Amino acid sequence: MKTIVTDFEYLPAKTVEEALELLAQHKDDDYKIIAGGQSLNTAMKHRLITPEYIIDIKGLSDLDYITFDEKSGLRIGALTTHRSLEKSPIIRDKYPVLAEMEENVASVETRNWGTVVGDLCNADPAVDPGPPLIALDAKVTIAGKGEERVVDAEEFAVDFFETLVQPGEMVTEIQIPALPPHSGVCFTKYSQIHGDYALASAAVLITLDESKKKCVNARIGLGGVGNAPVRAKKAEELLKGKEITEDLLAQAAGVASEETSPISGIEASAEYKKDLAGTLVKRVGKEALARAQKA
Amino acid sequence: MKEYSIIGKPTPNVDGPAKVTGEAAYTIDMTLPNMLYGKLLRSPYPHANILSIDTSKAEELPGVKAIITGKDTPGGKWGLWRRFRELSDQQALATDKVRFIGDPVAAVAATTEEIAEKALDLIEVEYEPLPAVFDPIEAIKDDAPMVHEDFPSNINATRHIEWGDVDKGFAEADYVREDRFVLEAAHPCAMEVHNSLASYDKGTGRLTVWTSTGSPYFVQQNLAEALKLREGDIRVIKPHVGGHYGGKNSTMPDAVNAAILSMKTGRPVKIVYNRDEEFTTTEHRTAQNMALKIGLKKDGTIVAFEVKTMTNGGAYTGLGATTLYLTGTFITMPYKIPNYRYDGVRTYTNIVWGTSIRGFGAVPAKYCSETQLDRAAKDLGIDPLEIRRKNAVIPGYEAPGQYKFESCGIQPCIEKMAVRVKEKWPKLEKDEGIGYCAFAYMSGGIFNWIDTPYAYSSAHVKVNWDGTVDLYSQAADVGQGHNTVAAMICAEELGIGIEDIRLHMGDTAHAYTDLGAWGSRETLMNGNAIKDAAAQVKQKLIDIARLKLGENIAYDLVAKNKRIFLELRPERGLSYYDLVKDAIRANDGVPLTGTGHYTPHNKGMISPAYGMGIMAMKAKVDRETGHVTVQDVLVVHDSGQIINPLGARGQVEGSIHMGLGYGLCEEMPMDQGMLLNPEFVDYKILRTRDMPEIEILDVPTYEPNGPFGAKEAAEATIAPAAPCVANAVYQATGAEFYSNVLKPEKVLKAIREAEKKQKASKATGK
Ligand SMILES: Cc1cc2nc3c(=O)[nH]c(=O)nc-3n(C[C@H](O)[C@H](O)[C@H](O)COP(=O)(O)OP(=O)(O)OC[C@H]3O[C@@H](n4cnc5c(N)ncnc54)[C@H](O)[C@@H]3O)c2cc1C
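Below is the structure:
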């Protein structure tokens, strides 16, 4: 690691238009967007990247918002910090699972400055917002100059530190649909130390029918157990249309665990993480079910 | 016990306001006019010959003011084991070859840190990589690569300790068990990285160095050797220090190269390590392999104990040889062991070197011995607390030729623990367990490897006309709170307030010598010196008071509450302030002074006094994830007369934090000598939210060798933390651990292993 990052040209943007203009101008250059810089600075000090231009979007206050209405659901602007999400009354009321998730992201200092979208764009496979956004069926808006596209949260990260965002583009917003009635969502991550990156994490959404017996929809997102957050579709299928019992959950957890492909590292082996993912799905699924029954 | 006015009263840290408001200056905060920034170029190879170094491109970079390589240095070798010249093995810059990844080969001084760092990239070094050795057992093989040419066997130091008749002891034992352990390295992780600012005055030939150290005197001595200057021409100043934890005893290349660059340029030069350099090139707690054999009677009495260790010393000595010795002594404490044998070997290897990290030898040692003791107790059907009580020493106990306990509260500590545990944790839930560990630790070391001709500690007290006091000593506050302790001891002795005392500490030019902050020595050793100095002044005041009061000479006078009075007739006395004025007048206008000193004599090989006690932890194990939650900690501690209960509490809590890190998550995995986690994202330290509640109960004793009966409180409680966790998990699940760092995966494996064993034994039981 170096003490000092390499020289670059600093290009601050004040509005989305300005940012998109700068991005279009430097489309073919070696540039990087900086938001809170929590991940970017480290990567630069390690010389993993040595951009010639830094386009600073931290000043885009027009993208710092959290709104909700029943029709279009929740909208999170790209400059929303972890801390804003954690403390938002809207989130606490409508999507408490996101506030729960935030309480264990890094430390307060990092949450104060780092953005949720920056976390997703950094694309560490263990990114905490990844699995709950998959479970909540979130969409991500990617904008370029004069164009915009919307992608599923589960498609957003494609590999280690790689996303669908192309040169000249940036993420502007995350959308989450309103939850159907009788839905419960829960997320947990496991790390030995509080607030550390997850060895594995899991989010489960369960929607029950009118009678609150049968599962009509299930979505499972997993983190830290592949080259990007993964959706455990086979495990979801196992739950759908059935009455969820502890046995069934354990079975689904086993299937979900098989849908992962973690790698070994100094923190833990791949086998351990695989097992862990199953354990977490079982635990989180139980809580999601309880919440759905109460909802 | 005696009533004190200041000693024993919870006293906020005298440096607290400056530290919390950010006003306290650390070396890292300091700049001087015209100052240059230095950086070190480091070896990417664990072992290689240096064929050539070309600095020409770097020299052309505008802003670069000096570049040095090994041949430009004065070439003096240094180390803390000065008494044994061959162990003075550190050098400013490698000349012929590099011995670990990070060994410095060149240094640059430039007008900015950016330029200095850029210049490093322009220096071209041609290396010839050599076969390297990373493991202590490999290192002693005949065909192993040689780390230092004058140590063909790669054996840096050996230690043998023996008393009683070990073989006879084992023959008499009813139960013998052997266990082998592999202990991981850990880094001290001080918040303030190593950094130094050097300013050389070409006119006078004198050097001043500000540095983040635990011992300004060691740095002064080592600089004299490295630079081939006279000690007296070097002044070392220790400003506030942002953490030591054992990693700041050695003089490191930052101080030496900043000095050389300043001598070359005639300008002040500052070198600050970045966090990566801190992890990869500064000293850590040594990894080692230990083998233990213990023999007990059926009733749990220990009759023989044999320990062997082989430590992965790394490229240089540091205080590693001392650590090796202390590993062999602390592992026996606080137990009566009639027959004991220890053999320790420290090897040179091609990694960054290990040293005296907080708990100095006790930490790995106690991890092994106390987890072994739990397993022995279980096999013998004896309660883990009872086996410790049964073997614990009593006052006056002596390990022949090694150490003696004078004040010794371990038995009452264990008794108190037994009572409190029952009240505190009357019932355990599923998968919960309680782990115990008894401990003892020195209050300053008696060793003189540094070969000081001076007293181990000294202090100078000057009382001014208005009664204010200037206290001078090189003793080091490194965050542990010694400044507060020093002021309290001085104030108590003189019967005044700590607000009357101004401290002048940690400056080799302005104060008398003290060996620094290591081995929990400052309270006892510097405390004795301060008390001695203050007592000399007090005596002068008492003499004047006696004269003025005209009392019977048989009456005793005391100094308290800013008065000097008859102990048994407190109303008959005089004001301290008036007496000071009289005394200075009577002294031809010279302020009152006292110079105190302390060097232990006839106190065995280790220390004049030992802090001790017993720790218990309650932990819960998650059988699916392998996570261990430490729920609660209970410490019963004999620290003699505690000087500052607030400071002592801070030290115990900090020790437990560091000890738990050693037990649960801190590790330094390496691949071919390269550290794999040199940053805080990957090097795991427990956070506030991971820390359990800690209850501390004191069993006060009076330590005859300490000031006001005091002894250490800073390090004893680090060693027991990790074995307490491992023992708690063992009690809860039967899982056995033969290495520290109970990461969840390791715990899970050990639990599965234990479950298998339990099933198998049940099956055979049927
Ligand atoms: C000590 C520490 C601990 C951490 N622990 C956790 C943890 O436990 N869990 C967790 O989930 N995260 C953790 N993180 C990651 C942290 O959450 C992210 O660093 C932070 O949220 C990133 O946001 P930022 O605004 O700082 O992004 P930056 O660092 O500025 O950017 C990160 C990346 O995203 C890109 N980017 C940013 N915004 C956009 C955009 N709008 N459009 C396109 N690309 C963009 C940047 O170009 C860059 O590649 C931790 C980080 C640190 C430093």
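Going line by line, the protein sequences match chains A and B. Per our numbering, the first sequence runs over residues 1 to 295. Per our numbering, the second sequence runs over residues 1 to 766. From the three backbone atoms N, C-alpha and C, an ideal C-beta is built for every residue, glycine too. These figures come from a predicted structure and were not determined experimentally.
Would you grab the beta carbon distance between Glu-114/B and Ile-4/A for me? Rounded to a whole angstrom, and I think it's under 8 Å.
5 Å
Taking only the alpha-carbon atoms, compute the straight-line gap between Leu-32/B and Lys-238/B and give it to the nearest angstrom.
16 Å
Would you call the CB atoms of Gln-221/B and Ile-434/B closer than 8 Å?
no
Range of the contiguous alpha helix (DSSP H) that encloses Tyr-577/B:
576-586
Under the three-state reduction of DSSP, which class applies to Ala-455/B: helix, strand or coil?
coil
DSSP bridge partner residues for Tyr-403/B (one or two, in chain order):
Ala-399/B
Ignore the nearest five residues each way along the sequence and tell me which others in Pro-801/B's own chain have a CB closer than 8 Å to its CB.
Chain B is shown only over 1 to 766; residue 801/B falls outside these bounds and no answer can be derived.
In the DSSP assignment, find the unbroken beta strand (DSSP E) run with Glu-23/B in it and report its ends.
Taken as a continuous stretch (DSSP letters only), Glu-23/B belongs to no beta strand (DSSP E), as it is neither H nor E.
Please indicate yes or no: does the CB of His-82/A lie closer than 7 Å to some heavy atom of ligand 2?
This structure does not include ligand 2; its bound ligands are ligand 1.
Residues of the region 245-269 of chain A with Cβ closer than 8 Å to any Cβ of chain B, in chain order:
Ile-266, Glu-267, Ala-268, Ser-269
C-alpha gap between Val-363/B and Glu-653/B, whole angstroms
16 Å
Any beta carbon from chain B within less than 8 Å of Tyr-95/A's own beta carbon?
no
Measure the CB-CB distance between Val-241/B and Ala-258/B and report whether it falls below 8 Å.
no
Going by beta-carbon coordinates alone, are Leu-634/B and Ala-619/B separated by less than 8 Å?
no
Please check the pair Leu-93/B and Val-105/B, which I expect to be a contact at CB under 8 Å, by giving their CB distance rounded to whole angstroms.
6 Å
Measure the Cβ-Cβ separation of Cys-665/B and Ile-266/A and say whether it is below 8 Å.
no
Could you tell me if Val-185/A is buried or exposed, where buried requires 16 or more neighbouring beta carbons within 10 angstroms of its beta carbon?
buried
Hey, does Leu-276/A have any beta-carbon neighbour from chain B nearer than 8 Å?
yes
Pick out the complete alpha helix (DSSP H) segments inside the region 22-99 of chain B, 4 residues or longer, and give them in chain order.
56-60
What are the start and end residues of the alpha helix (DSSP H) that includes Ser-250/B?
Premise fails: Ser-250/B is in no alpha helix (DSSP H) and is neither H nor E.
Please report the residue range of the beta strand (DSSP E) in which His-182/A lies.
Careful: His-182/A lies outside any beta strand (DSSP E) and carries neither H nor E.
Asn-339/B and Ala-304/B: beta carbons closer than 8 Å?
yes
Just to confirm, does Cys-121/A get its C-beta within under 7 Å of one of the non-hydrogen atoms of ligand 1?
yes
For Val-193/B, does the three-state DSSP call read helix, strand or coil?
coil
Where Ile-642/B and Ala-534/B are concerned, what is the direct C-alpha to C-alpha distance, given to the nearest angstrom?
19 Å
When you compare the CB of Pro-744/B with every CB in chain A, is at least one pair closer than 8 Å?
yes
Helix, strand or coil for Asn-274/B? Go by DSSP, reduced to three states.
coil
Between the CA atoms of Ala-710/B and Val-580/B - distance to the nearest angstrom:
28 Å
Which residues, in chain order, does the region 21-50 of chain A contribute to contact with chain B at a C-beta distance below 7 Å?
none
Work out the CA separation of Pro-152/B and Gly-313/B for me, nearest whole Å.
15 Å
Note down, in chain order, every chain A residue with its Cβ under 7 Å from the Cβ of Cys-665/B.
Gln-192, Ile-193
In the DSSP output, what is Met-170/A paired with across the bridge?
Ala-143/A
Throw me the rounded Cβ distance for the Arg-341/B and Val-64/B pair, which I believe falls under 8 Å.
Contact flag wrong, Cβ pair sits at about 57 Å.
Local conformation of Gln-480/B per DSSP, three classes:
coil
Give me the residue from His-82/A, Ala-19/A, Lys-240/A, Ala-295/A with the minimum Cα distance to Glu-109/A.
His-82/A
Euclidean distance between Cα positions of Leu-592/B and Ile-6/B:
22 Å
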